[in-house]
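Worksheet: the structure to be examined is printed underneath.
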Amino acid sequence: MTTTRERMVFLDGSRLIIEAMARAGASAYIGYPITPVNWLFAGAKQRIPIALEAPDEITALQWSAGFSSAGVFPVTASAFPGFALMIESINMSFMMELPMVIILAQRLGPSTGSATTGGQGDLLLLRGCISGGYSLPVFCPSNLNDCWDMAAASVHTAVNLRTPVVLLTSKEMVMTNQNMDVSGLKDVQLAERHLHEGNGAYKTYGVNGNLAPPFLPLGNDLHQVRLNSSTHDMEGITQKNSPEALGNTERLKNKIEQSIDDYTYFDHDPDEGADTVILTYGISAEASREALGLLRANGESVSLLVMKTLLPVPPRIYEMLEAYDHIVVVEENIAGLLRELLYGNHQHDRIHGVNKIGHMITPQEIAEGVRQCRKPS
Amino acid sequence: MQEAILNDLKMPYCPGCGHTVANKSMSKALVDMDVHPLDVIVVSDIGCTGLVDPLLTCHTIHGLHGRAVALAMGIRMGLEHPDKKIIALQGDGGATIGLQHLLEAARHNLDLTLVVQNNMVYGMTGGQTSGLSSTEFKEPDRPESAVPGYDICALAHNAGAAYTARTFIGKDTAELWKEALSTPGFSLIEIVEMCPAYGLRKVQELHDVSDYESVISKNQRPTGGPHRAEGRSLLDALKPIEHTCEAPLDGRLEIIIAGSAGEAIQSAGDLLSTAGITAGLSATKKGDYPITIGTGFSVAEVILSRPPIHYTGIDCPDIMIVISQDGLDKVRSRIGEHTLVIADTKLGPELEGLAGPPGPTDLLTRDFRKTGGLKGAALAAIAYWLQDNGFLPIEALVEAASRHKHGDKMKVIIDKAVAA
Ligand code: SF4
Ligand SMILES: [Mg+2]
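For the protein sequence lines, the chains are A and B, in the order given. Every letter in the first sequence is one number past the one before it in numbering that gives the first Met the number 0, and letter 249, counting from 1, is 248. Every letter in the second sequence is one number past the one before it in numbering that gives the first Met the number 0, and letter 190, counting from 1, is 189.
This is the structure in structure tokens:
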């Protein structure tokens, strides 16, 4: 007996991420080996037209910036130790407005921690990694399907907004094999940079309407391009703190935040009349989905909200959370990073956490967390 | 004649600063070579050298301290036009911070020119010495135990740079610029300079103090560049798994396979997963092994399930297949009350001796090494277990094996295990 299923394969998240990014237009991958991004690197070597081994992570980001300034879309990947080394260069790329994607696969920290153990410990690092507190767009896949969709969204957002984007994932997402019918994957469009056209005057950071300036590559024959990592005016000339230069820097904040609705992704599974919502992201999302099933099967009403756009925090998330008396935030860390991101250091009684390190949080632990928070104290 | 690469703005440097002279030499060389400014990209570093940016009529990119060469490499690899000139400007401070990048550029021999303007101090931050300050160079706060500066020309040459030159400011360096800019591959010019504000003030002092003489050295090497290849779809590269038979399993089954490196534990896990999918189930698999993959334990965690699998973790498995002592040591603590343990004979005594679970009915031992050999013991155990309990039809395992490059050998092992 043969049942026709279009295309069932056994694969990991790394493969989906690289393939989706390649289709969206990633044409250089600059890698430096670190667990758990091994399979991303291996996939990129087969798939991305230029796949290079950089001697260290600072170089990886500098090469990425060089590629991007020449008009080639670069991707790199690391875990916390390498990402930490990249941060100054990510700031540079943010300031120069160079599109690229940095994949950050989380593992257990602090420091080198445990290379082959998953974790969710880097969210607040991303929130604070641009000096001045500006947000980088950060996407986070919650399952294999999202590996595809969020990888494509990362490239498109980076190109549309002329900015580095982080795809935040975890060891468990990129190094676990699962069956998947890949015939159901969405088509990925090629992301194309908005170019400056014609012979009219060009200012590298000149904008009209759209907050992301039109692009021209370094070395083009028509217009001088001035990319600059220091505070600069619209032409790209370094200025200490002139109104024009400070205005340009402010634009970087507005550029990312203004169009957040265009790149807000989430799964909301509301239960009619539920007073409690499980709020989660990334590798804890699948256990939360299973917990939802356990609770509902038991007649316990609960909703689920999985964030896929983590930064900047989409206003829609707060709107949805307003409806609940109890918010149970599930994440594989003990500090409660998403809780702190959303509600600060002085949290209201309605905010609860299910947290753990060293092992994935189980559906049973999540279900228990939901029950605990609803107990009258 | 081409337009100059420098505009009319006043040089931003202190009177007598070497950078003024160096930049004029760069401009003269490019005009002499008839290079259009838009065919030039200047990559500038942090420090006084980088202040030249606003004066340039070419493309400019102003990055981080010490990283100009790395950034220039990225640009060169990304640019489609080999005829564009890429010039990275650094001071001695930047060259010290980014020494690795400099060596990397030389090693790759990418077509770009690095000019290190060595005035032996970090001028912008108040005159600290750098890795290129010489033994004899004195500055007020410098300890007596000064060490020689890096001979970056020798380092770059030994790393493979096509062209390296050291010169002292004061004579016309434009000829060296021209030679460097017209040499394919990586070229480096170190210009030993004055910094009247914090360093030396006279050309003669530079000669007196420098650890190294003027030099020109060359390597005959092919110019580097990235390899480009159109990749093949990573999805098309996967052979689809057809659903050809039915598994009786209704729920979820969690299986741990544990053995040692070299015992094909991971491929046994893949095979079992593929067999499950062949029989219409969902499957997940993850591997756990030490960083040194050639030695120690190897553990595969497989979940087979009728409902779609969300949570991919296993705490206490339903089935544990243990082939070696390394594997047992790794997973022993995860044996639970309901775990069925299938183990190689030689592990039997230890497993029977475990206090508490598993009970005698939950332990099966066979000489799987005899059936499967070193690399086939785990597969033999899987085949034996499937034959025994029927969670999956054995044909699903045979089908999965047939996809494998060692499929024929695997099928023999499956047959033997089933017959045993
Ligand atoms: S501080 Fe030194 S290097 Fe900087 S401009 Fe003045 S003289 Fe030149
Ligand atoms: Mg200096």
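C-beta atoms are modelled at their ideal positions from N, C-alpha and C, and glycine is treated no differently. Treat the numbers as computed from the prediction; the structure is a model and nothing was measured.
Residue 329/A: member of the beta strand (DSSP E) spanning 325 to 330, first to last residue. Listed along chain A is no residue with a C-beta nearer than 9 Å to that of residue 220/B; the closest approach is about 19 Å. Using a CB distance cut-off of 8 Å, residue 140/A does not count as an interface residue toward chain B. Residues of the stretch 57 to 73 of chain B with a Cβ closer than 8 Å to any Cβ of chain A, in chain order: 57, 58, 59, 60, 61, 62, 63, 66, 69, 70, 71, 72 and 73. Secondary structure at residue 95/B: helix, using DSSP grouped into helix, strand and coil. In this chain, the beta strand (DSSP E) harbouring residue 105/A covers 99 to 105. If you check the C-beta of residue 118/B against ligand 2, you find a heavy atom less than 7 Å away. Boundaries around residue 84/B are those of the beta strand (DSSP E), 84 to 90, since no alpha helix (DSSP H) includes it.
Residue 57/B is not a Cβ neighbour of residue 194/B, given a cutoff of 8 Å. Distances from the CA of residue 200/B to each of 214/B, 158/B and 137/B were compared; the closest alpha carbon is that of 137/B.
In this structure residue 50/B is in contact with residue 11/B, their Cβ atoms being roughly 5 Å apart against a cut-off of 8 Å. For residue 124/A against residue 137/A, the beta-carbon gap comes to about 10 Å, at or over 8 Å, which does not count as contact.
Within chain A, the residues placing a beta-carbon under 8 Å from that of residue 281/B are 177 and 178, ordered along the chain.
A residue is called buried once 16 or more other Cβ atoms fall within 10 Å of its Cβ, and residue 132/A, having fewer, is exposed. In the three-state scheme derived from DSSP, where H, G and I count as helix and E and B as strand, residue 34/B is classed as coil. Put simply, of 374/B, 86/B and 90/B the residue whose alpha carbon is nearest the alpha carbon of residue 126/B is 90/B. Neighbours of residue 362/A in chain B, taken as residues whose beta carbon is under 7 Å from its own, are 310 in chain order. Note that the C-beta distance between residue 217/A and residue 224/A is below 8 Å. Counting other Cβ atoms within 10 Å of its Cβ, residue 369/A reaches 16 or more and is therefore classed as buried. Within 7 Å of the C-beta of residue 148/B there is not a single heavy atom belonging to ligand 2. With respect to residue 101/B, residue 113/B sits close: the two C-beta atoms are nearer than 8 Å.
Residue state for residue 203/B is assigned as helix, using DSSP reduced to three classes. Listed by position along chain B, the residues whose Cβ is nearer than 7 Å to that of residue 171/A are 311. Contact annotation: in the stretch 212 to 227 of chain A, residues whose CB is within less than 9 Å of a CB in chain B are 216, 217, 218, 219, 220, 221, 222, 223, 224, 225, 226 and 227. Using a Cβ-Cβ distance cut-off of 8 Å, the stretch 25 to 36 of chain A and the stretch 30 to 41 of chain B are not in contact, since fewer than three pairs of beta carbons, one from each stretch, lie closer than that value. Only 99, 100 and 103 from the stretch 95 to 108 of chain B bring a Cβ to less than 8 Å from some Cβ of chain A. Here residue 181/A has 6 and 8 as same chain residues with Cβ atoms under 7 Å from its own Cβ, once five neighbours each way along the sequence are excluded.
By the CB criterion at 8 Å, residue 204/A and residue 235/A fall inside the cutoff.
Nearest CB-CB separation between residue 76/B and chain A: below the 8 Å threshold. Note on residue 81/A: 16 or more other CB atoms within 10 angstroms of its CB, so buried under the neighbour-count rule. Cα atoms of residue 219/B and residue 46/A: separation of roughly 33 Å, rounded to the nearest angstrom. Residues of the stretch 311 to 339 of chain B whose Cβ lies closer than 9 Å to any Cβ of chain A, in chain order: 311, 312 and 314. Interface criterion not met: the Cβ of residue 255/B is under 8 Å from no Cβ in chain A. At the C-beta level, residue 379/B and residue 364/B stay beyond 8 Å of one another.
At least one CB of chain A lies nearer than 8 Å to the CB of residue 230/B.
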